[in-house]
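J.:
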Amino acid sequence: MTDITPLSILGNPGNHDQHGAYIVTGKADFAGDRLPVTKLYGALKLANIAHGKIKNIDASRALAEPGVKAVITHGECPIWMDAIYFWGQEVAGVVADDPNTAVRAARLIKVEYQVSPFVLDPDEAMKNGAVLSDIIPGTNTRLVTNLTRGDVSAGMSSADIVLEAVQPWSASYQHNTIEPHQSVAWWVGEHVYFWVPSQHIHNAKNTFVNSLGMPGNHVHAFTHFTGCGHGDKNSANAAVIAAVMSRAAGGAPVHFIESRHDNVLVNTRQFSVKSSIKFGARKDGTLTAIDARFWGDGGRNAAAPIANVHFGLRTTYKCPAASFQVTVVSTNSPPRGFWRCVNDPPGAVNYDAALDKLAQKLGIDPYQLRRKNMRPFDAPDQDPPFQVWGGTALEECFDWVCGNSGYKDKYHAAGAKTLEDGRLHGIAITGHIDSHGTVSGASRGATILMTPDGRALINMGGARGSEGGATVCCHIAAETLGMKYEDVGVGEWGNTDATLDAGMQAGSTFTPSAGAAFYNAALDLRTKVLNFAVTRVPFRDSTVEHLDTKNSEVFLKNDVTRKLSFREVMSSAPPTAGVGNGWSPSLRSRSVGGVAVGSACNCNGDSATCAEVAVDTETGEVEIIGLWNAVDTGRTVFKQGALKEMMSGNELIIGQALFYGDIYDKATGAVISTSYVDALFPTTLDFETERLHVQDIESDDAAGPYGAHGIGEPCVSNYSAIICAIFNATGKWVDMDKGACTPDKVLKALGKA
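Everything in the sequence shown is counted per my numbering, starting at 52 for the first residue and increasing by one.
(1) Just checking my contact of ILE135 with TYR164 at CB under 8 angstroms: how many whole Å lie between their CB atoms?
(2) So, are the CB atoms of ASN680 and ASN779 less than 9 angstroms apart?
(3) Enumerated in chain order, which unbroken segments of the beta strand (DSSP E) with a length of 3 residues or greater are wholly contained in the region 718-786?
(4) Going along the chain, which residues of its own chain have a beta-carbon closer than 6 angstroms to the beta-carbon of CYS370, five neighbours each way excluded?
(5) Using a Cβ distance threshold of 8 angstroms, determine whether the region 309-328 contacts the region 398-405, with at least three qualifying pairs required.
(6) By the three-class DSSP mapping on this structure, what secondary structure does TYR402 have?
(7) In the DSSP assignment, what residue or residues form a beta bridge with ASN383?
(8) Report the residue from PRO304, THR56, LEU500 whose alpha carbon sits nearest the alpha carbon of LEU11.
(9) Measuring straight from C-alpha to C-alpha, what distance separates THR892 and PHE276?
(10) Taking contact to mean 3 or more Cβ pairs, one atom from each stretch, closer than 8 angstroms, check whether the region 121-129 and the region 192-205 are in contact.
(11) Let me know the secondary structure DSSP gives GLN556 once reduced to three states.
(12) Should LEU470 be labelled buried (16 or more other beta-carbon atoms within 10 Å of its own) or exposed?
(13) Quick check on the DSSP output: the alpha helix (DSSP H) that includes ALA812 runs from which residue to which?
(14) Pick out whichever of LYS803, ALA759, ASN546, ALA754 has its Cα sitting closest to the Cα of ASP667.
(15) In this structure, what does DSSP give as the bridge partners for ASN306?
(16) For the putative contact between GLY554 and THR560, defined by C-beta atoms under 8 angstroms, what is the C-beta separation to the nearest angstrom?
(17) Tell me which same chain residues have a C-beta within less than 6 angstroms of the C-beta of THR367, skipping the five on either side of it?
(18) Could you tell me the boundaries of the alpha helix (DSSP H) in which THR366 lies?
(19) Could you give the distance in angstroms between the alpha-carbon of ASP84 and the alpha-carbon of LYS284?
(20) Compare the C-alpha of ASN359 against each of GLY558, ALA754, CYS661, ILE748 and name the closest.
(21) Could you check which residue in THR781, GLU696, VAL688, TRP634 has the C-alpha nearest to that of ASP391?
(22) Would you give the residue range spanned by the alpha helix (DSSP H) that THR562 belongs to?
(23) Can you tell me whether HIS67 is helix, strand or coil according to DSSP?
(24) Give a yes or no on whether the minimum CB-CB distance between ALA507 and chain D is below 9 angstroms.
(25) So what does DSSP say about GLY805, is it helix, strand or coil?
(26) Is ASN107 helix, strand or coil by DSSP?
(27) Leaving aside the five residues before and after THR627 along the sequence, list all residues of the same chain whose C-beta is less than 6 angstroms from its C-beta, in chain order.
(28) Under 9 angstroms between the Cβ atoms of SER249 and ASN401?
(29) Can you find the residues in the same chain that come closer than 7 angstroms, C-beta to C-beta, to PRO794, ignoring five residues on each side of it along the sequence?
(30) Between the region 291-308 and the region 219-239, can you find at least three pairs of beta-carbon atoms closer than 8 angstroms?
(31) Take the Cβ of THR76 as the centre, count every other Cβ of all protein chains shown within 10 Å, and call the residue buried at 16 or more, exposed below.
(32) Under 8 angstroms, with one C-beta from each stretch per pair, do the region 683-692 and the region 756-770 reach the 3-pair mark?
(33) Whose CA, out of ILE748, LEU703, GLU749, GLU741, lies closest to the CA of PRO733?
(34) Given a threshold of 16 other Cβ atoms within 10 Å of its Cβ, counted over all protein chains shown, does VAL648 qualify as buried or as exposed?
(35) Please classify GLY700 as buried or exposed, where buried requires at least 16 other C-beta atoms within 10 Å of its C-beta.
(36) Just reading off the beta strand (DSSP E) that ARG193 is part of, what are its end residues?
Right under this line is the structure:
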């Protein structure tokens, strides 16, 4: 690994969240807070069939209700349709004076359907002669990944041991964000204005423009605080619905907010994945071949982002011969899409279980099997275009969780250790290179304003997607400008009329990608400040190249006593701003593996997790004794925020393993787990946080600004550690059956249910 040079601003644990005061004082403004007195309210009518077509909608009783202003259907709303593909799909909406009237009137709408057979179970959907979901014409399956390296058959033939591991379907669950989907929209002439919780407000505007066929300068989109995103707030559907409702009500402001029930039914969820993975290995554990096939349930979404579930297995471990196939299965269930980490958690729970099964057959510690086969951090990808990574610290992440958990002293054969209270003890370590966290090119833009008193304000075309994106940008701006952190603040943000597109707060891309744009904007602004400085005493006999900046001062490099504050430089300067765009991933700061600086490279996050559990064989309950999560940040930018992100990652790891999971009525196709209670969503108060441990590891990614890459998804992706620890405790693999390892499933694995 490369030693990383300390910086003045980045990584300083004393730097606080720029929006912290708004949050702790209750002044964080959400979309629904807009126009509290003058607005109307919208509610939905949802389909109560899983597959078919709308024949007729009778809204007469709803329109006759006092206070009802309008009813909309697929005829008015361009993102709705008359074809029904899942139970709970939107079919109509009501606009009324108050929320209760809107909900009551929506129930009065009568919908006549042409009902078709539906297919809910992905295994059934893949059978010959299965009922067609009609999501993909003529079929229920689509091959989305088909990659082969080397001679897999020869690799299997040369192996001492061949193991084929079939993994059942992993969990599928809705995000259940604290803030449901909502929007406030209104019209002024041919112009529409809307507030919406969004992880990518400029994309929300573009989606709106394309959906309604409007000129871009007639659409005005705004966002500020978002009550969690987790990948579920990338679309602009709520804004489109609110705007159509507003237009139907004469342009009056309409607040459309989904109920908790509707939010769970309508919106995207994590997808289930199952696999058949065959390993060839020598007796010492060296992999000779991999033949991995994955299937993912995309539900209503034919384009569900499942193609990369193999990524961690493909990139983390060296193997000369390997084949990877991924197939999307379409079922008549709600759409699958982006979750906090998209491909990696369900992919990892499949291949990590398979690796542990191989280790058991070989009689090897599964952690040592992983370490033996890891691709060296400076080695290129084994598949085209054979690029190196700008920075990975997976070995260090593994070292940290192993050392801090005491794994080497605690590990034992599966089912071999009973605690004093009679429960079974288990421990496991998993980890991988994640498919997220990259720098995403020049599509990101940034603006920084310099005020006359020598302070800076960032203008950010993004929201607060439940994390400190704006604060990260302030850190990078302050570091690059050579300013004190407290002299850089947040100006306009989340306003598409007054900001450049900072990109999505998703894919773990915001820190490296928006950060790259703000780095370049700060360089642009710094150059302008220095050009002003050389017109002032004491720098008139100098050039810009002779000057430097630090602590909000400009000084002469060879005589630091000759200096001016930014305030003094800017006191008579004209209005000034810096503008910048991001960059595509390349080795900017250093060579890796002998590859020249400037070469294209990969840029991804990575992480490792150790889980220690106790399993009660009488009740099936699993207790987390300890959870250790180490995440490679590349470079930690906003220290407080990064550690918070990792700690929340621990909570989500536990949620995925032990709590989350949709429940369906197989007779109707309806999701019946539509509340926090039904969905078993724990809160922070349900965790003993002293058992949760996190560590940021810095690999100094040569592609990212100051070496940073993304962490939002890598820090939640190893719930496989808990699943493997349960096996280590019991010697039995729990069939997750599209949900979590709940006590009943643990008992079933033990032969007690």
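Using N, Cα and C, we set each Cβ at its ideal position, and we do this for glycine too. The model shown is predicted, which means the values in this text are computed figures rather than measured ones.
T.: Taking the geometry as given:
(1) 7 angstroms
(2) no
(3) 743-748
(4) LEU338, ILE341
(5) yes
(6) helix
(7) Looking at the DSSP assignment, ASN383 forms no beta bridge with any residue, so it has no partner.
(8) This structure cannot speak to residue 11, because the chain is shown only from 52 to 804.
(9) Missing from the structure shown is residue 892; the chain here goes from 52 to 804 and no further.
(10) no
(11) coil
(12) exposed
(13) Shown here, the chain extends from 52 to 804; a query on residue 812 therefore has no answer.
(14) LYS803
(15) Per the sequence shown, residue 306 should be read as His rather than Asn. Note: HIS306 sits in a beta bridge opposite TYR92, VAL235.
(16) 7 angstroms
(17) HIS483, ILE484
(18) 362-367
(19) 18 angstroms
(20) GLY558
(21) First, the residue type needs correcting, since residue 391 is Arg and not Asp in the sequence shown. Looking at the Cα atoms, GLU696 is the closest of the given residues.
(22) 561-584
(23) coil
(24) No chain D appears in this structure, which consists of one protein chain only.
(25) With the chain running from 52 to 804 in the structure shown, residue 805 is simply not present.
(26) strand
(27) MET501, LYS579
(28) no
(29) THR670, GLY671, GLU672
(30) yes
(31) exposed
(32) yes
(33) LEU703
(34) exposed
(35) buried
(36) 192-200
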